[in-house]
Amino acid sequence: EAGVAQSPRYKIIEKRQSVAFWCNPISGHATLYWYQQILGQGPKLLIQFQNNGVVDDSQLPKDRFSAERLKGVDSTLKIQPAKLEDSAVYLCASSLGRVTGELFFGEGSRLTVL
Amino acid sequence: AQTVTQSQPEMSVQEAETVTLSCTYDTSESDYYLFWYKQPPSRQMILVIRQEAYKQQNATENRFSVNFQKAAKSFSLKISDSQLGDAAMYFCAYRSLTQGGSEKLVFGKGTKLTVNP
Numbered sequence: 080e081a082g083v084a085q086s087p088r089y090k091i092i093e094k095r096q097s098v099a100f101w102c103n104p105i106s107g108h109a110t111l112y113w114y115q116q117i118l119g120q121g122p123k124l125l126i127q128f129q130n131n132g133v134v135d136d137s138q139l140p141k142d143r144f145s146a147e148r149l150k151g152v153d154s155t156l157k158i159q160p161a162k163l164e165d166s167a168v169y170l171c172a173s174s175l176g177r178v179t180g181e182l183f184f185g186e187g188s189r190l191t192v193l
Numbered sequence: 086a087q088t089v090t091q092s093q094p095e096m097s098v099q100e101a102e103t104v105t106l107s108c109t110y111d112t113s114e115s116d117y118y119l120f121w122y123k124q125p126p127s128r129q130m131i132l133v134i135r136q137e138a139y140k141q142q143n144a145t146e147n148r149f150s151v152n153f154q155k156a157a158k159s160f161s162l163k164i165s166d167s168q169l170g171d172a173a174m175y176f177c178a179y180r181s182l183t184q185g186g187s188e189k190l191v192f193g194k195g196t197k198l199t200v201n202p
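Which chain is which? The protein sequence lines are A and B, in order. Using this note's numbering, the first residue of the first sequence is number 80, and each one after it goes up by one. Using this note's numbering, the first residue of the second sequence is number 86, and each one after it goes up by one.
Structure below.
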């Protein structure tokens, strides 16, 4: 079974530039999450999708971050314009829902903002 | 809101020895999952072990076991016969099972485990 796929693995940009990250969840997983993990900290939820609807985006900085999950499968997370404090690993995860409770994570996309 | 606290930023253990990582959490809910996830350097986060709050029996997965104390809101991870491959960041996480509750994982800040040969 294929895992959660993310790209790119690494990205370096200048501040005020834009960047986009892509995630393809495990087939059949209705719930998709984007987490931000700043160095030395635990992951923090940015946004949660159930199929193509947003369930929780309370901690998403909406002035610069946006995310979509068209057709309820893969998802894109965009940052525009980027700030220095956006340097982090962006983790995508998916789950079947409450049945097992477990989230399956991708390898992450590491963003460095200079 | 639920919170998860890991009070040990770093721990070390000798190969083949046993180590225990601590985790406490705060919630007013009665139905939830607790997890320990492992994150090796520059690699993806993987599930180590899971505990359903309604189960009194502590979960065990090979060399990994938990001590779940629901009343004390404590959830520690014991790693027996530590191996070099166990070196990683370990995250404790909480997930609500309450109807209408959030399905997100709430993570602690993590404990960096070093295994010395």
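Note that the Cβ used here is the ideal one computed from N, Cα and C, for glycine as well. Here the structure is a predicted model, which means the values were calculated and not measured.
Among the options, nearest to residue i - alpha-carbon criterion
i, options, result
"residue 185 of chain A", "B/102, B/128 and B/155", "B/128"
"residue 86 of chain B", "B/197, B/137 and B/179", "B/179"
"residue 101 of chain B", "B/165, B/143 and B/147", "B/165"
"residue 106 of chain B", "B/114, B/97 and B/189", "B/97"
"residue 196 of chain B", "B/173, B/145 and B/150", "B/173"
"residue 169 of chain B", "B/191, B/148 and B/200", "B/200"
"residue 129 of chain A", "A/188, A/81, A/174 and A/189", "A/174"
Contact list for residue i against chain A, beta-carbon separation under 8 Å
i, result
"residue 176 of chain B", "121 and 122"
"residue 128 of chain B", "186"
Nearest-angstrom Cβ-Cβ length linking residue i and residue j, presumed shorter than 8 Å
i, j, result
"residue 177 of chain B", "residue 91 of chain B", "5 Å"
"residue 113 of chain A", "residue 146 of chain A", "6 Å"
"residue 139 of chain B", "residue 116 of chain B", "7 Å"
"residue 172 of chain A", "residue 192 of chain A", "Between residue 192 of chain A and residue 172 of chain A the Cβ distance is about 23 Å, and since that is not below 8 Å, they are no contact."
Proximal residues of chain B, C-beta to C-beta of residue i below 9 Å
i, result
"residue 112 of chain A", "188, 189 and 190"
"residue 176 of chain A", "188"
Chain-ordered neighbours of residue i on chain B, where CB pairs are closer than 8 Å
i, result
"residue 153 of chain A", "Within 8 Å Cβ-Cβ: nothing; residue 153 of chain A doesn't reach chain B, min ~17 Å."
"residue 164 of chain A", "Within 8 Å Cβ-Cβ: nothing; residue 164 of chain A doesn't reach chain B, min ~17 Å."
Extent of the continuous beta strand (DSSP E) run through residue i
i, result
"residue 110 of chain A", "110–116"
"residue 108 of chain B", "Per DSSP, residue 108 of chain B belongs to no beta strand (DSSP E) and is neither H nor E."
"residue 132 of chain A", "132–135"
"residue 183 of chain B", "Note, residue 183 of chain B: premise wrong, no beta strand (DSSP E); not H, not E."
"residue 151 of chain B", "149–154"
"residue 127 of chain A", "123–129"
"residue 134 of chain B", "131–137"
Beta-carbon neighbours of residue i, restricted to chain B and to distances below 7 Å
i, result
"residue 182 of chain A", "190"
"residue 132 of chain A", "Correct list: empty, because the minimum Cβ distance to chain B is about 13 Å."
Closer than 9 Å at the beta carbon, the chain A residues around residue i
i, result
"residue 193 of chain B", "121"
"residue 96 of chain B", "Per Cβ cutoff of 9 Å: no residues; residue 96 of chain B is ~15 Å from chain A at best."
"residue 179 of chain B", "Neighbours of residue 179 of chain B on chain A: none; closest Cβ ~10 Å, over 9 Å."
"residue 139 of chain B", "Per Cβ cutoff of 9 Å: no residues; residue 139 of chain B is ~12 Å from chain A at best."
"residue 162 of chain B", "Correct list: empty, because the minimum Cβ distance to chain A is about 15 Å."
Buried/exposed call for residue i, threshold 16 Cβ in 10 Å
i, result
"residue 150 of chain A", "exposed"
"residue 156 of chain B", "exposed"
"residue 88 of chain A", "exposed"
"residue 127 of chain A", "buried"
"residue 110 of chain A", "buried"
"residue 94 of chain A", "exposed"
"residue 144 of chain B", "buried"
"residue 133 of chain A", "exposed"
"residue 116 of chain A", "buried"
Chain-ordered chain A contacts of residue i [CB-CB under 7 Å]
i, result
"residue 135 of chain B", "180 and 181"
"residue 132 of chain B", "181"
Neighbour list for residue i in chain C, Cβ cutoff strictly below 7 Å
i, result
"residue 118 of chain B", "This model lacks chain C altogether; the protein chains it does include are A and B."
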